[in-house]
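Taking it in order: structure first as structure tokens, then the write-up.
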Amino acid sequence: MNSRGGYIALMSAIIIAVVLMGLLTTLSFSGFFGRFNILYSEFKEYGLAVTEGCANAVMIELGRDPSYTGDETLTFGEDTCQVFLIDPPVSGEQIIQVQVIHQDTYSNLEVTVNPTTLAVVAFEEVPNLP
Numbered sequence: 211m212n213s214r215g216g217y218i219a220l221m222s223a224i225i226i227a228v229v230l231m232g233l234l235t236t237l238s239f240s241g242f243f244g245r246f247n248i249l250y251s252e253f254k255e256y257g258l259a260v261t262e263g264c265a266n267a268v269m270i271e272l273g274r275d276p277s278y279t280g281d282e283t284l285t286f287g288e289d290t291c292q293v294f295l296i297d298p299p300v301s302g303e304q305i306i307q308v309q310v311i312h313q314d315t316y317s318n319l320e321v322t323v324n325p326t327t328l329a330v331v332a333f334e335e336v337p338n339l340p
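My numbering applies: residue 211 is where the sequence shown begins, and numbers increase by one.
This is the structure:
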């Protein structure tokens, strides 16, 4: 009987087991990190909702006081929002810039409004604010 036949079968089984364990480990980590990606997207979505609320609060304040310049921090419950300096209207439009940092995710919003009617002309998330 050939004594090498058992050795080859044993080595083949070990190699197949190592390859399968590596594959399963890779799949486990991708699922684990996928959960964090979903969590961060939830944080970002929440931050954007707070940023939109902050922009609406600034528009209400502009409706009450057209000379409102911003440059303050607004608090909504446990959340805070930074309102950057609002420049005087240029060419019939005024730009509101607000930022919320929630769980290490930044949400920067720039809203362009008509200062007399407070109608929203443009509403976009920007990568950076001053």
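Beta carbons are placed, not taken as given, at the ideal position from N, Cα and C, and that holds for glycine.
Would you call the segment 312-330 and the segment 258-270 touching, i.e. three or more CB-CB distances under 8 angstroms? yes
Please identify the residue among G287, D289, V268 whose C-alpha is closest to the C-alpha of G280. Minimum Cα-Cα distance from G280 among the listed residues G287, D289, V268 corresponds to V268.
Where H312 and E288 are concerned, what is the direct C-alpha to C-alpha distance, given to the nearest angstrom? Each residue's alpha carbon lies about 10 angstroms from the other.
Taking Cβ to Cβ, would you say L339 is nearer than 8 angstroms to Q309? Taking a C-beta distance under 8 angstroms as the contact criterion, L339 and Q309 qualify as a contact pair.
What residue does the beta strand (DSSP E) around S317 start on, and which one ends it? 315-323
Does any residue of chain C bring its CB to less than 8 angstroms from the CB of Q292? The structure shown has no chain C; it contains just one protein chain.
Is the beta carbon of T315 less than 8 angstroms from the beta carbon of G257? yes
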